[in-house]
Amino acid sequence: MKWTSAVSGLALGLGTGVAFGVALDNLAVGIALGIGVGIAFGAAFQKKGGGDGGDGG
């Protein structure tokens, strides 16, 4: 899989979800929140960076 800004956003969101899961003492809920956050980050990064994983053009 090509590493794009959208994938970076999803990975960041999943990491955030694991942190939420540990903080809330419910990993499943945390990961669900993280996926939602990751999709939002991925969409935002893709709009900002052009969606091609390049230099922002």
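In the working numbering, the protein residues as written are 445 to 501. Heads up, the beta-carbon is just placed ideally off N, CA and C, and yes, glycines get one too. Everything numeric in this text was worked out from a predicted model, so none of it was measured.
Just to confirm, is the Cβ distance from residue i to residue j under 8 Å?
i, j, result
"I475", "G459", "no"
"V473", "G457", "no"
What is the DSSP secondary structure of residue i, reduced to helix, strand or coil?
i, result
"G501", "With a pLDDT of 46 at G501, under the threshold of 50, the modelled position of that residue is not reliable, and the figure given next carries that caveat. Coil at G501, not helix or strand."
"T460", "helix"
Give every residue of the same chain whose Cβ lies closer than 7 Å to the Cβ of residue i, excluding the five residues on either side of it in the sequence, and list them in chain order.
i, result
"L477", "G461 and F464"
"S452", "F489"
Return the chain-ordered list of same chain residues with a C-beta closer than 6 Å to the C-beta of residue i, the five sequence neighbours on each side being excluded.
i, result
"F485", "G453, L456 and G457"
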